[in-house]
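As given, the protein sequences belong to chains A and B, one line each in that order. Just so you know, the first sequence maps onto residues 1 to 549 in the working numbering. Just so you know, the second sequence maps onto residues 1001 to 1364 in the working numbering.
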Amino acid sequence: MDLKLIFKYVPTGEYNFSIPVSKINSSEQNKNSQSKKNIYTSIEQNSKYMKSEYNQIINSDIVFRDFYITAKNVEYKSLLIYIDGMVDTDLINNYVLKPLMLKNTNNTFDSNIQEYNNKLSVKKIKNVNLSDYIYTNLIPQNAVTKEEYFEDAISGINSGNCVLFVDSLNISFDIDVKGFKQRGVEQPQNENIIKGPQEAFVENIRTNTSLLRRIVNNQNLIIENLSVGRINKTKCAVCYMQNITNSDLVAEAKFRLNNLDVDTIISSGQLEQLIQDDTQTGIPQLLSTERPDKCVNGLMQGRIVILLNGNPYALIAPAVITDFLSSPEDSNLNPVFANFLRFIRILALIITLLLPGIYIAVSSFHQEILPTELLFSIFASKESVPFPIIFELLIMEIAFELIREGGLRSPSAIGSTLGIIGALILGEAAVSANIVIPFLIIVVAITGLASFAIPDFSFGFHLRMYRFIFILLGFTSGFLGIGLGIYFYISLICSLKSFGVNYTSTLFSEYSPIGLKYFVPPFWKQEHRSTFLSPKKEDSQNKISMKWR
Amino acid sequence: MKKFSNKEAIFIIVNLCSNISILIADQIIVDSCYSSSILNSIFISILALVITTIICILYKKFVGINLLDIAEFIGGKFLKFIIGIFFLIYVMFSMAVLLCKLTNCLQIVYYSMTDIIYILLSFILATGFICRLSNNAFSKSNLIVTSVSLIAIFLVFIANTNNYIYNNIFPILGNGINSTIIDGATNLFTFGGIVYLYFLPPKLNNPKDSFKVSISGILIFSIFLVISVTTITLMFNPKLVKGQLFPIYTSIKYIDFGTFFERLDSVFLLIRVMNLGSFLGVSMSLCMEILKNILSVTDDKPLIYPLLLLLLSICISLEKISKFDILENNLFKIIFFSIVISLGIFILILGNIKKIFVKNKVYR
Chain A
1 MDLKLIFKYV PTGEYNFSIP VSKINSSEQN KNSQSKKNIY TSIEQNSKYM KSEYNQIINS
61 DIVFRDFYIT AKNVEYKSLL IYIDGMVDTD LINNYVLKPL MLKNTNNTFD SNIQEYNNKL
121 SVKKIKNVNL SDYIYTNLIP QNAVTKEEYF EDAISGINSG NCVLFVDSLN ISFDIDVKGF
181 KQRGVEQPQN ENIIKGPQEA FVENIRTNTS LLRRIVNNQN LIIENLSVGR INKTKCAVCY
241 MQNITNSDLV AEAKFRLNNL DVDTIISSGQ LEQLIQDDTQ TGIPQLLSTE RPDKCVNGLM
301 QGRIVILLNG NPYALIAPAV ITDFLSSPED SNLNPVFANF LRFIRILALI ITLLLPGIYI
361 AVSSFHQEIL PTELLFSIFA SKESVPFPII FELLIMEIAF ELIREGGLRS PSAIGSTLGI
421 IGALILGEAA VSANIVIPFL IIVVAITGLA SFAIPDFSFG FHLRMYRFIF ILLGFTSGFL
481 GIGLGIYFYI SLICSLKSFG VNYTSTLFSE YSPIGLKYFV PPFWKQEHRS TFLSPKKEDS
541 QNKISMKWR
Chain B
1001 MKKFSNKEAI FIIVNLCSNI SILIADQIIV DSCYSSSILN SIFISILALV ITTIICILYK
1061 KFVGINLLDI AEFIGGKFLK FIIGIFFLIY VMFSMAVLLC KLTNCLQIVY YSMTDIIYIL
1121 LSFILATGFI CRLSNNAFSK SNLIVTSVSL IAIFLVFIAN TNNYIYNNIF PILGNGINST
1181 IIDGATNLFT FGGIVYLYFL PPKLNNPKDS FKVSISGILI FSIFLVISVT TITLMFNPKL
1241 VKGQLFPIYT SIKYIDFGTF FERLDSVFLL IRVMNLGSFL GVSMSLCMEI LKNILSVTDD
1301 KPLIYPLLLL LLSICISLEK ISKFDILENN LFKIIFFSIV ISLGIFILIL GNIKKIFVKN
1361 KVYR
């Protein structure tokens, strides 16, 4: 091995994922567009169709507003459809209906008129296009699209727009007049940090994309819109930096999102399950975050961010194991402190996963590892407890999980009290009643504390689940079971991929010792982007970033 | 085919050698050479480096193909099949011997009430699960497990410094130059990982790096071997080493960090269990590859089950043999020298000769 390579920057390797061969042929792909129904030229037919689609007789909040537009001195029957409660009524009244209905000089349009009252000459228009005329002159709105199909018009109405049908036109106008009530941008609820931005995503996708835009502040941020779910057609945004993110990664993400054959998707958790590589292990392979700054950090590294309308969580792909043990706090702290915290989180991972299993293995099979005094103390307290050690441990672990779940589901005012009651009274009572030994309470409490130190909720959850497997292995076969379990768990982690990227890419860098890349270097030393993402732009800063020195 | 990075390949070689070393060879080296065992371990390390160099030189004309392909080039599919079976025998045998050795130890120390078949089954099932995983998981996990094992051995070496009896290395030539150099050369079987060198080149991301990888792997293991043999030699009277389960395991019992950590031997066994699991995963994947090659099948996953059954049956058969030590001392060495060294190098030489004669023909 060339020693120089150990210290030298390594250029990107090949981004190694493969898009599976599509089973959907082109004719099937075209089927969707073919099955779309064209809008009729007759307003009566359009009205009838839309009323039938929306079950207007029984649906109370769908508004069908008939009126007339005057253009070219001819009156055209028109229909405006929207959902009450999802639109801004002022916008509709003042900027849609008013310009369309008022018979002023603008809409008493006659193509033969060459001069207006102010004597300015205008070019004579022989063949006026009504749809263009309405689009350019009569709807003073910034976001208007012409739709050819009923499906697209309905999708617009469902998302809070209003749709205008005009007699004799086989298109409709989708006008953005959204005005539903929504939550404002608030502090993150589940990813709190001390130093750093205090904004979190909300349910509205457009607000979320604006939060990203505001931080990125660059035209290379691409936000592509897709819709997922056959019934609810939830809006989904794929965000990436055009000049940084690997094009294959973007293609892979869009390929997966475009090939979801499900009726409904209402949460990012569902979407995560549908687009991640492995669904059996329970180990998260996509980062889920409510923090825009974390997303922007991912974007700048060359990852993609997926936003889903109606959900305050974004998905970041690809994600590797070290991402789940990193906190947004790390980039805001001095690297020495950040690395200390990262080391603590590694300890937390080991404790959460293994401590109860090791405890049961040591107390059942390998007592010699404990100091004699401690061993005597444990066995002395064990004498008054009638249950086997596995029973004691499972009781306490399940009780702890109950306290945690109860604390989460109860109102916030009671939640903290419940935790204290659970931890203090239940533990104390269990020891007094000779159900468990005091040492076990310490083990369970440390394990519980350690599990709270894992920054990612899903990752912490999988550790909690796997902990029970290690408890059983420790109980049945001591260190033999624990050893084989650890080896299997490491292999399982190593077998995973996230959007084609090895889950352990940062641990097994070819040119640095195992695990070293988990620790963050000082910001001025972060000259290159992660090679496992194969970004288009490898350098993130100059060799000498502090030019003032 | 999923390929290995250079680091993964190096640690595969180290893992294959280190398991043979810790579980069998260290004891045999110290037992046969007494005070000259350190010298012997250095000598066989040099010998292994020379053999590795020869293999790599002989491989120069066959970039990106394994030994079985070369055998096919020489004598067609029949020779390929025969050579494949021989190598399969060696790998299966080494797996079975090491597995039996550790399971016996585990049973004696911790699970005296448990039937050995259950201990064997736990290893075999774990190997089966790991070989089912995709993405060459075994090679990456081996990187972690072998690193931990190397660090553990180094720590044992450091932590026992106070207990060393430096007189144990005298006389420096032990029982004489004959037992150290001539007879001692048979201890080369410690470097069982050499078998992987024959199958490594096509599995590397960059097959041209195979020389660097092979030499690095053997070199790292040589250091590891010298450290572990030194620990045993300096810790125990060489004449008393034979009767112990694992001398390295015994040496850990003497380590104490104050009054808190008094007996860390079970931690060592935990690492050993992981390391043997990794050895079984790597070896089983090699067996699957050999079998896949000689049977010309596209999917090697279904081959796991017959191979695991075969391994279990060999282990059970070995358990029935009362003179298990003879297998370690003699049969292991005979199989290693006849298959891995003689047969492997012979095929490579034949391949090179044929290559000279048919140089006008294009092969791959």
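All residues carry an ideal CB built from backbone N, CA and C; glycine is no exception.
Interface flag, residue i vs chain B, CB-CB below 8 Å
i	result
A:F479	yes
A:E199	no
A:L484	yes
A:E53	no
A:H366	yes
A:I471	no
A:Q29	Summary for A:Q29: the model assigns pLDDT 49, below 50, so the residue's position carries little reliability; its value from the coordinates is reported in the next sentence. It does not: the Cβ of A:Q29 has no partner Cβ on chain B nearer than 8 Å.
Residue i (DSSP reduced to helix, strand or coil)
i	result
B:K1355	helix
B:L1307	helix
A:V501	strand
A:V228	strand
B:N1040	helix
A:V163	strand
B:A1137	helix
A:F523	helix
A:V202	coil
B:Y1059	helix
A:V21	The predicted model places A:V21 with a pLDDT of 44, which falls under 50 and marks its position as unreliable, so this point remains unresolved.
Other residues of its chain near residue i: CB distance less than 7 Å, five sequence neighbours each side excluded
i	result
A:D351	Just to set this straight, residue 351 of chain A is Ile in the shown sequence, not Asp. These residues qualify, in order along the chain: I446, T447, A450.
A:M546	W524
A:Y9	Low confidence applies here, because A:Y9 scores a pLDDT of 46, under 50, leaving its location unreliable and the question unanswered by this model.
B:T1250	Q1244
A:T289	E191, C295, Y313, A314, I316
8 Å Cβ shell around residue i - same chain, five flanking residues per side excluded
i	result
B:E1008	N1136, S1139, K1140, N1142, L1143
Residues of its chain near residue i, where Cβ-Cβ distance is below 6 Å and the 5 sequence neighbours each way are ignored
i	result
B:G1174	C1033, Y1034, S1035, S1036, T1180
A:G427	I441
B:V1109	none
B:L1120	T1103, C1315
Minimum Cβ-Cβ distance from residue i to chain A less than 8 Å
i	result
B:A1126	yes
B:G1344	no
B:V1273	yes
B:F1129	yes
B:S1141	yes
B:A1009	no
B:A1025	no
B:F1199	no
B:V1145	yes
B:L1270	yes
B:F953	One cannot answer for residue 953 of chain B here, as it falls past the ends of chain B, which runs 1001 to 1364.
Span of the beta strand (DSSP E) around residue i
i	result
A:F64	62-71
A:T145	144-147
A:T289	287-289
A:A433	Counting along the chain, A:A433 falls outside any beta strand (DSSP E), and DSSP gives it neither H nor E.
A:K235	234-241
A:D172	Note that residue 172 of chain A corresponds to Ser in the displayed sequence, not to Asp. From DSSP, the beta strand (DSSP E) with A:S172 extends over 172-175.
A:I306	304-308
Where the alpha helix (DSSP H) containing residue i begins and where it ends
i	result
A:F532	Note, A:F532: premise wrong, no alpha helix (DSSP H); not H, not E.
B:S1216	1210-1235
B:T1127	1116-1132
A:S131	130-133
A:A348	335-364
B:V1097	1067-1109
A:A423	It is not in any alpha helix (DSSP H) - A:A423 carries neither H nor E in the DSSP assignment.
Residue i: CB within 7 Å of a non-hydrogen atom of the ligand NAP
i	result
B:L1197	Judged by which ligands are present, the structure shown has none, so any question about the ligand NAP falls away.
Assess contact between the segment 532-548 of chain A and the segment 1237-1251 of chain B, defined as three or more Cβ pairs (one per stretch) separated by less than 8 Å. Is contact present?
The answer is no - the segment 1237-1251 of chain B does not touch the segment 532-548 of chain A, with fewer than three Cβ pairs under 8 Å.
The segment 520-530 of chain A contacting the segment 1299-1311 of chain B, beta-carbon criterion three pairs below 8 Å
With the cut-off at 8 Å, the segment 520-530 of chain A and the segment 1299-1311 of chain B do not touch.
Take every Cβ of the segment 419-435 of chain A, pair it with every Cβ of the segment 341-350 of chain A, and state whether three or more of those distances are shorter than 8 Å.
Below 8 Å, too few C-beta pairs join the segment 419-435 of chain A and the segment 341-350 of chain A to call them touching: fewer than three.
Touch check for the segment 296-304 of chain A and the segment 237-248 of chain A: three-plus C-beta pairs under 8 Å?
The answer is yes - the segment 237-248 of chain A touches the segment 296-304 of chain A, with three or more Cβ pairs under 8 Å.
Does the segment 468-482 of chain A come within contact of the segment 305-312 of chain A, defined as at least 3 CB pairs closer than 8 Å?
These segments do not touch.
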